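Novice:
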Amino acid sequence: MKKRYLGVIPARGGSKGIPKKNIKNMNGKPLIFYTIEAAKQAISNGALSHCIVSTDSEEIAEVSRSLGADVPFMRPEYLSGDTIKSVDVILHALSFLEERGEHYDAVVTLQPTSPMRTVEDLIEGIKTFDNSSLDSLIAVYEDVKANGFNYYRMGDNHEGIPEHEEHNIGIRRQEMKPMFVRNGALYISAVELLKERKLIIGDTPLLFVMPKERSIDVDSIMDFEYIELLMKRSSTEANQKAY
Numbered sequence: 011m012k013k014r015y016l017g018v019i020p021a022r023g024g025s026k027g028i029p030k031k032n033i034k035n036m037n038g039k040p041l042i043f044y045t046i047e048a049a050k051q052a053i054s055n056g057a058l059s060h061c062i063v064s065t066d067s068e069e070i071a072e073v074s075r076s077l078g079a080d081v082p083f084m085r086p087e088y089l090s091g092d093t094i095k096s097v098d099v100i101l102h103a104l105s106f107l108e109e110r111g112e113h114y115d116a117v118v119t120l121q122p123t124s125p126m127r128t129v130e131d132l133i134e135g136i137k138t139f140d141n142s143s144l145d146s147l148i149a150v151y152e153d154v155k156a157n158g159f160n161y162y163r164m165g166d167n168h169e170g171i172p173e174h175e176e177h178n179i180g181i182r183r184q185e186m187k188p189m190f191v192r193n194g195a196l197y198i199s200a201v202e203l204l205k206e207r208k209l210i211i212g213d214t215p216l217l218f219v220m221p222k223e224r225s226i227d228v229d230s231i232m233d234f235e236y237i238e239l240l241m242k243r244s245s246t247e248a249n250q251k252a253y
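The numbers in the sequence shown follow our numbering, run straight up by one, and end at 253.
#1: Could you check which residue in Gly38, Asn55, Glu202 and Leu16 has the C-alpha nearest to that of Val117?
#2: Going by CA-CA distance only, name the one from Asn32, Met36, Ala49 and Lys242 that's closest to Asp131.
#3: Measuring CB to CB, does Ile231 end up less than 9 Å from Met36?
#4: Quick check on the burial criterion: 16 or more other C-beta atoms within 10 angstroms. Buried or exposed for Gly191?
#5: Exposed or buried, what is Tyr44 when buried is set at 16 or more other beta-carbons lying within 10 Å of its beta-carbon?
#6: Looking only at its chain, what residues have a beta carbon closer than 8 Å to the beta carbon of Gly27, apart from the 5 residues adjacent to it on each side?
#7: Applying the 10 Å Cβ sphere with the 16-neighbour rule, what's the burial state of Thr123?
#8: Apply the 10 Å Cβ neighbour rule to Pro221 and answer buried if 16 or more other Cβ atoms are within range, or exposed otherwise.
#9: Pairs of beta-carbons, one from the segment 169 to 177 and one from the segment 83 to 97, closer than 8 Å: are there three or more?
#10: Which residue or residues does DSSP assign as beta-bridge partners of Val118?
#11: Three or more C-beta pairs under 8 Å: does that hold for the segment 204 to 224 against the segment 135 to 152?
#12: Three-state secondary structure (DSSP) at Ala103?
#13: Which residue or residues does DSSP assign as beta-bridge partners of Ile226?
#14: Determine whether the beta carbon atoms of Ile62 and Pro82 lie at a separation below 9 Å.
#15: So, is Asp166 buried or exposed, given that buried needs 16 or more other C-beta atoms within 10 angstroms?
#16: By how many angstroms is the C-alpha of His177 removed from the C-alpha of Leu58?
#17: Confirm, please, whether the CB-CB distance from Ser64 to Arg85 is below 9 Å.
#18: So, at 8 Å on beta carbons, what are the nonlocal neighbours of Lys205 in its own chain, with the 5 sequence-adjacent residues on each side left out?
#19: Is it true that the CB of Ala79 sits closer than 9 Å to the CB of Ile46?
#20: Please report the Cβ distance between Ile198 and Gly135, rounded to the nearest whole angstrom; I am assuming they are in contact, meaning their Cβ atoms lie under 8 Å.
#21: What is the rounded straight-line gap between the Cα of Glu87 and the Cα of Phe106?
#22: Do you know whose CA, among Ile211, Ala195 and Thr128, lies nearest Val144's CA?
Below, the structure written as structure tokens:
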């Protein structure tokens with residue numbers, strides 16, 4: 011039997027770094043538009059069974075509905091604020107939909123702060139998870155610099171505490187093992203994992219590798235402006251090819 015995948019776009023209203031970040035205009039569209047659009051296309055493709063926006067903001071809800079998203083509820087007050095765990099938001103959405111008779115095998119969490127994620131990434135990620143027996147999947151990008159040799163923690167007296175015991179010996183780039191960094195663009199969690207362990211990511215998640223240029227997470231105004239620049243450049247190149 012084909013698995014049923016629920017997409018959840020968590021979009022809270024109180025962003026401290028960038029005011030109204032989730033609906034801030036990015037290259038002519040609200041930031042959340044790019045995630046909603048990818049989800050809608052994945053539903054049309056049959057990869058996603060349903061997708062909802064979970065928010066505590068009436069303004070985000072209104073914008074999301076205008077973009078064709080389903081916003082079936084407003085988050086209760088206990089799920090508002092920046093200290094709320096994502097898994098609690100997901101479990102609330104699952105519970106709400108199950109009370110309406112909707113049941114799913116897995117949840118696809120789609121952060122609106124990953125606008126470079128494409129519908130192809132989403133569809134391929136679901137397909138990869140579908141063919142696996144693991145309980146979760148995370149999107150990652152390969153980063154040759156993300157190895158323990160370069161990482162230090164700050165001690166009480168500002169001494170560097172190395173993450174790797176051979177940090178001062180050095181290693182040739184060719185000898186480094188590939189390292190993968192979670193990019194936040196895509197999480198897939200089996201419902202059993204969510205309900206039984208209250209986790210979005212299992213102990214050994216499946217890795218879905220995305221290009222680094224599509225792995226940018228909007229965390230600062232610099233990220234925001236950089237992605238806008240990439241989008242405008244891509245649009246210009248597409249127009250030039252059309253002529």
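Using N, Cα and C, we set each Cβ at its ideal position, and we do this for glycine too. It should be emphasised that the depicted structure is a prediction, and the values quoted were computed from it without experimental measurement.
Specialist: A quick look at the data gives this:
#1: Position 107 of the sequence shown, counting from 1, holds the residue named residue 117. Among Gly38, Asn55, Glu202 and Leu16, the Cα nearest to that of Val117 belongs to Leu16.
#2: Along the sequence shown, read from residue 1 onward, the residue named residue 131 stands at position 121. For Asp131, the nearest C-alpha among the options comes from Ala49.
#3: As a position in the sequence shown, residue 231 is number 221, starting the count at 1. As a position in the sequence shown, residue 36 is number 26, starting the count at 1. Taking 9 Å as the Cβ cut-off, Ile231 and Met36 do not qualify as a contacting pair.
#4: For the purposes of this step, residue 191 is taken as residue 181 along the sequence shown, with counting starting at 1. As written in the sequence, residue 191 is Val, which differs from the Gly given in the question. Val191 comes out exposed.
#5: One-based indexing of the sequence shown puts residue 44 at position 34. Under this definition Tyr44 is a buried residue.
#6: Here residue 27 is taken as the residue at index 17 of the sequence shown, counted from 1. Excluding sequence positions up to five before and after Gly27, its CB lies within less than 8 Å of the CB of Asp229, Ser230 and Ile231, all in the same chain and listed in chain order.
#7: Working through the sequence shown from its first residue, we reach residue 123 at position 113. Burial check for Thr123: the Cβ neighbour count within 10 Å reaches 16 or more, so the residue is buried.
#8: By one-based count along the sequence shown, residue 221 stands at place 211. Pro221 sits exposed, since fewer than 16 C-beta atoms from the chains shown fall within 10 Å of its C-beta.
#9: no
#10: For the purposes of this step, residue 118 is identified with residue 108 of the sequence shown, where counting begins at 1. According to DSSP, residue pairing for Val118 in a beta bridge involves Gly17 and Ile198.
#11: yes
#12: For this step, residue 103 is matched to residue 93 along the sequence shown. Residue state, collapsed to three classes: helix.
#13: As a working mapping, residue 226 is identified with position 216 in the sequence shown. Answer by DSSP bridge pairing: none, since Ile226 is not bridged.
#14: For the purposes of this step, residue 62 is taken as the residue at position 52 of the sequence shown. For the purposes of this step, residue 82 is taken as the residue at position 72 of the sequence shown. In contact: Ile62 and Pro82 (Cβ atoms closer than 9 Å).
#15: Counting from one through the sequence shown, the residue named residue 166 turns up at place 156. Exposed is the call here.
#16: Numbered from 1 along the sequence shown, position 48 holds the residue referred to as residue 58. Numbered from 1 along the sequence shown, position 167 holds the residue referred to as residue 177. Going from the Cα of Leu58 to the Cα of His177 covers about 45 Å.
#17: By 1-based counting over the sequence shown, the position of residue 85 is 75. By 1-based counting over the sequence shown, the position of residue 64 is 54. The answer is yes: Cβ separation under 9 Å.
#18: In the sequence shown, counting from the first residue as 1, residue 205 sits at position 195. Leu101 and Leu104.
#19: Here residue 46 refers to the residue found at position 36 when the sequence shown is read from its first residue. Here residue 79 refers to the residue found at position 69 when the sequence shown is read from its first residue. Yes, the Cβ-Cβ distance between Ile46 and Ala79 is below 9 Å.
#20: On the sequence shown, position 188 is the one that residue 198 refers to. On the sequence shown, position 125 is the one that residue 135 refers to. Right, their Cβ atoms sit about 6 Å apart.
#21: Counting from 1 along the sequence shown, the entry for residue 87 is found at position 77. Counting from 1 along the sequence shown, the entry for residue 106 is found at position 96. Going from the Cα of Glu87 to the Cα of Phe106 covers about 15 Å.
#22: Numbered from 1 along the sequence shown, position 134 holds the residue referred to as residue 144. For clarity, residue 144 is Leu in the given sequence; the question names Val instead. Residue nearest to Leu144 within the set Ile211, Ala195 and Thr128 is Ile211 (criterion: CA-CA distance).
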